[in-house]
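In what follows, a structure is listed as structure tokens, so that the remarks can point back to it.
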Amino acid sequence: MSRLFYIAKNYLKLILRSKAMIIITVLGTIMVVAALSSTFRTILNEAEKDTDFTIGYHMEEGSRYSIAEDLLVDGFEEEGLTVIKYKDEDPEELIKNGDVVVFIDFGKDSYSLTGDKQKQIDTRIIQYVLYNVDSAMNGEFGTVKVEPEELETVETPSAEDYYGIVQTVYFISLCAVFLTPIFINERKGNIAMRFKVSSATGTHSYLGKITSCVLVSWAAQTVLATGALVLLLGVHIGVPPVSIALLMLATAAFCAFGTLFFIIFKNPAVSIGLLFGILWFAGLVGGTFETYMYSSFSESIKRLSPYYFLNRSLVELTTSGSSEYLLPCIAEMVIILAVSMALGILITNKKKEV
Amino acid sequence: MKTVVKLDGLIKKYDNRAVVDGLSLEIREGEIFGLLGPNGAGKSTTMNMICSLLKPTAGKIELFGHDIRTENSKVKPMIGYIPQDLAIYGNLKAWENVELFTSLYGIKGQKLKDEIDRSLEFVGLSDKRDSFAKTFSGGMKRRLNIACALGHRPKLLIFDEPTVGIDPQSRNFILEKIKDVNRDGTTVIYTSHYMEEVEAICTRVAIMDNGKIVAIGTTEELKNMVRKTPDEDVSLEEVFLTLTGKKLRDYVEG
């Protein structure tokens, strides 16, 4: 243990003396989150504006639909929609003024539906409900039982929360870059040989690197960058103990994953280039650069990204306080950590002859 | 005197080419043993096998009576290796470099602190202990390179061309320190291309060529091998060139 302590301590010093890299990484996270959340605020906040959903309607006297009027109004109101009965107002004017989103004009034997062009999906849902009511009325109305279907809804996070979380996750995944000063120093001299001649094993050297990298990453990204996002941009990080623990686990997993590149390729520039390339693609698929709710990639490809469960867990912890993705996410991070560490130790020791 | 290093029929082959070819050799306790040879003679490969950095193709290596293949963990704390290339962290201070490399041998706490002070004192860098290694001159870096191998008090020190590219003052200082450490009971293996260095400090010298020892003995014994008359003034360099030839050696490693 003493060997590991002194190795990790001195590696930590090497990393912390590369202040520019740490500052760039922390500031980079904050700047990217600020830029993305302000740029895409309108897209993500669109759904939030629609929480106040008003349906207007007019019922002609003697309309065959009048017997279902109470049923419809009560049904819509139970779902949290506002329903207003109008007499002779112009539907298009009401929609244009933003008074209603959808207007239903019930005639004697038919009805017409006018909806906001920007809210075509909502209009179609109402149309679907009315179609069902109409079909029921054409059959045996007395036996109709309205069973509202529970629709799965995803609560939309604010742009600050969404980009605050996914970009924190993305920058955390790049944290192995902190190892660069160690590998640059070791590449310059014949330090590897000195380690091999000593009583220390490859495992000591590997664990020293991982320990120092994880500690700096926790301090710089999990605490400093995330803290700054919370304080400066008002980002919510969900259920703090769970979210922070998950971020810390992810940090360790990504550090171990990234370290593999440095160990295998030896050349820090090549290692960083490859690592960044792979994680950029994973980020593209996993929701880092386009919101995963509207992602154009297929579900099976998205699941391959290590960000898939992580982004969803953290976002849902923020919006709902819980997430079904949490357990698979923990399992995935533990697997990445364990496999990367096992491979790292194996490769480091294999390069040690005799 | 006890045998510190015993090489028995040592062979190392790369692609069926023997770089070290049946080397047998004994180095005794308290010696400063010089290993000379032209480029590609097999010196570094032999050193690397002694340090457990390379596996021999055949043959046996014993250090302090322990077979390095089966008792590697017993042998390692007894060896100090000073590589030809600087093996120090430029962004660590002098004392931190010594601390890191000494701690690799399980030394900790106050003992570690004492060893750091002693090692830096020994190479004359006490007053620069808090300076970063990257700010050091070539000679200072060489001295720090040596200090990093002394902290665990090895019984066998292996120097691989430790004076390459430094000024005469630093070279002289390092040679004196090698003699000092030897006087304290440490056995030394020393390789260099500077014949006058080997002549100045080594108690016994082996000249290698094509993976084999072509001559071994004290410098005086080696000179006698090429002297035509007993009074002839012969330098070690002349001995070397006579035994290994004057042909240029272009050598590609491994």
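Protein chains in written order, with the numbering used here: chain A, 764 to 1117; chain B, 30 to 283. By construction, the Cβ of each residue, glycine as well, lies at the ideal position given by its N, Cα and C atoms. Since the model is a prediction, treat every value here as computed from it, not as a measurement.
query: What number of angstroms, rounded off, separates the C-alpha of A/Leu1012 from the C-alpha of A/Ile1093?
result: 8 Å
**OP:** Consult DSSP for A/Tyr1088 and reduce its assignment to one of helix, strand or coil.
**Re:** coil
Quiz item: So, do the segment 64 to 79 of chain B and the segment 239 to 257 of chain B have three or more beta carbon pairs nearer to each other than 8 Å?
Solution: yes
Exercise for review: Return yes when at least one heavy atom of the ligand HEM lies under 7 Å from the C-beta of A/Thr931, else no.
Suggested key: What this structure holds is no ligand at all, so the ligand HEM is not there to describe.
- Using DSSP bridges, identify the partner residues of A/His999. Answer is none; A/His999 lacks a bridge partner.
What are the uninterrupted segments assigned as beta strand (DSSP E) that are 3 or more residues long and contained completely in the segment 797 to 871 of chain A, given in chain order? 817 to 822, 845 to 848 and 865 to 869
field: Top-ranked residue by Cα proximity to A/Thr802, from A/Asp868, A/Ile785, A/Ile858 and A/Tyr926
entry: A/Tyr926
- request: Using three-state DSSP, classify B/Val193 as helix, strand or coil.
  value: coil
Query raised in the report: In this structure, what does DSSP give as the bridge partners for B/Thr75?
Result: Answer is none; B/Thr75 lacks a bridge partner.
- Message: Beta carbons nearer than 8 Å to chain B: which residues of the segment 952 to 977 of chain A have them?
- Response: Gly952, Asn953, Ile954, Met956, Arg957, Phe958, Lys959, Val960, Ser961, Ser962, Ala963 and His967
With a threshold of 8 Å between beta-carbons, can B/Ser199 be considered close to chain A, or not? no
So A/Leu1100 and A/Ala1015 are in contact, right, with Cβ under 8 Å, and what is the actual spacing, rounded? 6 Å
If you reduce the DSSP assignment to three classes, tell me which class A/Gly927 lands in. helix
Whether B/Ala178 touches B/Leu204 by CB criterion (8 Å):
no
- Give the residues from the segment 110 to 134 of chain B that approach chain A closer than 7 Å (Cβ to any Cβ), ordered along the chain. Tyr110, Pro112, Asp114, Leu115, Ala116, Ile117, Tyr118, Gly119, Asn120, Leu121, Glu125, Glu128, Leu129, Phe130, Ser132, Leu133 and Tyr134
* Spatial distance of A/Leu790 from A/Ala988 (CA atoms) -> 7 Å
_Give me the residue from B/Lys184, B/Phe202 and B/Val268 with the minimum Cα distance to B/Lys105._
B/Lys184
Pick from B/Tyr223, B/Lys72, B/Lys41 and B/Tyr219 that is closest to B/Gly194, judged by C-alpha positions: B/Tyr223
Tell whether a beta-carbon distance below 8 Å holds between B/Gly38 and B/Ala87.
yes
Cutoff 8 Å: B/Gly283 Cβ touching any chain A Cβ: Because B/Gly283 carries a pLDDT of 47, less than 50, the predicted location of this residue cannot be relied on, and the following value inherits that uncertainty. False, the Cβ-Cβ gap to chain A never drops below 8 Å.
Burial state of B/Met237 (16 or more Cβ within 10 Å): buried
Is there at least one Cβ from chain B nearer than 8 Å to A/Gly995's Cβ? Rather than Gly, the amino acid found at residue 995 of chain A in this sequence is Leu. Cβ-Cβ to chain B under 8 Å: no for A/Leu995.
Residue-level contact to chain B via CB, A/Lys1113, 8 Å cutoff: no
Check your understanding: Terminal residues of the continuous alpha helix (DSSP H) containing B/Met30?
Key -> That residue, B/Met30, is in no alpha helix (DSSP H); it is neither H nor E in DSSP.
Original post:
How many angstroms separate the CA atom of B/Val268 from the CA atom of B/Asp262?
Top reply: 11 Å
- Query: Exposed or buried, what is A/Asn901 when buried is set at 16 or more other beta-carbons lying within 10 Å of its beta-carbon?
  - Reply: exposed
Notebook entry, point to check: What span of residues does the beta strand (DSSP E) with B/Phe62 cover, start to end?
Noted result: Ile61 to Leu65
I'd like the span of the alpha helix (DSSP H) that includes B/Met224, first residue to last.
Met224 to Ile230
> For A/Tyr969, does the three-state DSSP call read helix, strand or coil?
Replying inline: helix
Flag this pair as yes or no: are the beta carbons of B/Ile136 and B/Leu173 separated by less than 8 Å? no
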